[in-house]
Every structure is written in structure tokens, then in C-alpha cells.
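So in this note's numbering, spot 245 of the sequence shown is number 245, and the numbers just go up one at a time. Cβ coordinates follow ideal geometry from the N, Cα and C atoms, glycine included. Since this is a predicted model, take the numbers as computed values, not measurements. As C-alpha cells, the structure follows; a few thoughts come after it.
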Amino acid sequence: MDSCRNTDAATSDFLRKFHRKIAAQRIPYSGMISLTHRCNLHCVHCYLGDENGAIGARDELDTAAWMALIDDIVDAGCLFLTLTGGEPLIRNDFPDIYRHAKEQGLLVTVFSNATLISEEIISLFKDLPPRNIDVTLYGATPETYDRITSIPGSFRRCIRGIEALLVHRLPLSLKTVLMSLNRQEVSAIRKMANAYGVEFRYDPSIMPCLTGKKEPLELRVAPEEVAAMEFSELEMGEQFRDFFEKSKSLASSQKLYNCATGQTSFYVDSYGNLQPCLMVSSPAYDLTRGDFSTGWTTVIPNIRERHAGPHYICNDCEKRGLCGLCPGLFQLESGRADIRSEYLCALGEHRYSKIAEHSH
């Protein structure tokens, strides 16, 4: 037992040193690329807004362009890559792009709704296993799931896809977006995940559409209810207590962005725009007019120099490890990255109260 603890401590120490080193050198070791903004579902909360309805309005990168980009990010030091959308499997060339990423040595995670899992995709994943397949399951019943996706029969197709992946022992986890339409089924979704023998998580932080529309925010669950749900689960409550304790050692900073965005991580949208992350669209670099290395070294670093104004209180808040502090989300909600989200702030307060309550 002692040897196991010593090994875990040594591994943690190595990872801390590793992360410090890559951060100091600005190595883009983790990236996310959205292969398409198209999707076969039409979820009521989707952050793409009208993008899915505007198919063909703009040209997505083609197969050769994505492969060239993958070569570039590998040369720059990328190790972890997430392929997302829209629904990435909707692209006919997904197998070609995925195979190229794997053959380049990348550790690939795929975000999917699992409704388009086919024998070809199963064969591809068996031949070149992904690091993980993150499947979003919006409900435990057809009524709830299909209501959220707006597509009758989509629950059945999702479950069929999940079970096909599991039959072939492919790495899989389930997740959901917590909202008013499915909050009554979250525990049932967790039970499904347990029955499947896979991990499950949910996220209450519904974001506005990237197009500026705020309608998805109406689906948010009240902060006090979210906190009550989270702390009713022993493991999740412990995670928040750990986050809170670790956040106490964070140094105060006047920089607006203190996460990995633009430092060790990046995002590329379907049209070849290199961004610090999904929610931060500026600064951006058009990869159809230049290469990844140029964008990463000359444009993206600008975000790290943005400073918060004197009224910005989040960096000094003792609860900043509990709220999901994110200037990118602030920007989408209010139009300014230095104006806090009242929802996230309230969520942090209620999580803090739960920690205090369970400490006595």
C-alpha cells in the first residue's frame, strides 16, 4: 500500500513538472478541432445556434487541409487532440482524417452523439482505438432525449450506437448537459452508465450561442438545485472540496486569462480559424492564409497579455475554484470578458455553502 502511494506521489510530481515545463515553453500539447458545424440533431441548447441551419453558407476545411493542419500541430508539439463538431461523424471523410491523426501519433478523443455509429466506424476504432469516445446522452427516456434533440427516434439510435461501441470493448464515457428539461433524469442516466460500466459526468454551465443568442440560458437549472444535486453524491462533493483547497494556493493575478487557453491549448473551428479556445474567438488567425506555427507564435499569445480592469474581482475571490470561472463565458453572456457571470457566481456561492455545511 505504501509503495502504491509513493508511486502515485512520484507520478503527480512528474506531471506537475511536465505541465510547468510545457507551459513555460508555450507548447500547444492539447487541441480541439471542430471538423464541422453540421449535425444530424437539432438540440434546443446548442451553442452553434443557427449555424446548423446555415449548412453550405461557408466552406468547411476539406480533407487535405485538415490533414495538413494535423501535420502542423504535431510538429508544434501537440499530443492530445479532440475531434468534435457539430457531429464529426457526419463528415464522409471522418475515417480518413481520424486515421491520419492516429497515424501521426496523436492521442485522439472523439466527441459524438453516437447516432451515426456504423460498422465502418466500429472497424476504424477497433483498428486504431481512440483515447476515448465521449458520448452525450441527454436523457434516460425517448421522451426527454428526443424532446431535447428535436429528432424523433434519436434516443433509440443513440443507445444502439453506445451499445455497439461497448460490445466491441471500445473506450467510452457518457456525459450530459444538465438543464431544466432533463434534471429529473440525471440520476437515471447515471444508473445507465453504471450498468454499462462506464464513467459519467454532467455539466450545468449552459452557454449562450456563439452567434450571440441567449435563449439557451433559459434552460439553466437554478444554482442552489445544482449544488444540492452535486453534493448529494459523495464523490462529486469530495472533488469540489479538493478543488477549493487547491485554489487557496493560487496566486492573485491581474491577468484576465489564467487557464491553459492560448498557453498550452488551442481550438480550430470548421473553417480554419485558430482561436485560444471554443468560447474565445479573438484573437484569431485564419489558417487558410497561413500556417499553424505562425498563428500560434504571433497572434494567439496576445490573449495572455489581457489584463482585468480595476472592477474585476474574480481573481481575488476565495471561491474562484468553485464557480467555473471563465472569462470566455463571461464574454458570451455580457459582451465583456471582465464582467462576471451572475449565474456562475451564485453557483460558486452555493457550492461554498455546501462545503461549509459538510465541514461541521
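Apart from sequence neighbours up to five positions away, the residues of its chain that approach Gly262 with a beta-carbon distance below 6 Å are Pro276, Ile300, Ile303, Arg304, ordered along the chain. Within a 10 Å sphere around the beta-carbon of Val167 sit fewer than 16 other beta-carbons, which makes this residue exposed. Here Asp134 is near Phe111, since their CB atoms are less than 8 Å apart. In this structure, the CA atom of Asp242 is about 39 Å from the CA atom of Asp50.
The Cβ atoms of Ile189 and Cys43 do not sit closer than 8 Å to each other.
In this chain, Lys214 is not harboured by any alpha helix (DSSP H), its DSSP state being neither H nor E.
Taken through DSSP and simplified to helix, strand or coil, Thr84 comes out as strand. Taking all protein chains in view, the Cβ of Ser293 is surrounded by fewer than 16 other Cβ atoms within 10 Å, so the residue is classified as exposed.
Glu357 sits exposed, since fewer than 16 C-beta atoms from the chains shown fall within 10 Å of its C-beta.
About 7 Å separates the Cβ atoms of Gly86 and Leu48, confirming a contact at the 8 Å cut-off.
Listed in chain order, the non-local C-beta contacts of Val226 below 8 Å within the same chain comprise Leu178, Pro204, Leu347, His350, local neighbours out to five positions each way being set aside. A contact between stretches requires three or more CB pairs, one per stretch, nearer than 8 Å, and the segment 311-326 fails this requirement with the segment 184-200. If the five residues before and after Leu274 are omitted, its C-beta is found closer than 6 Å to the C-beta atoms of Val268, Tyr285, Leu287, Gly295, all from its own chain and listed in chain order.
Looking at the backbone, the Cα of Glu215 and that of Tyr343 are separated by about 15 Å.
Within its own chain, the residues whose Cβ lies closer than 6 Å to the Cβ of Cys209, once the five positions on either side in sequence are excluded, are Tyr47, Gly49, listed in chain order.
The beta carbons of Gly309 and Asp338 sit closer together than 8 Å. For a cut-off of 8 Å, the C-beta gap from Thr109 to Thr82 is around 5 Å, short enough to register as a contact.
Per DSSP, the unbroken beta strand (DSSP E) holding Asn273 starts and ends at 273-275.
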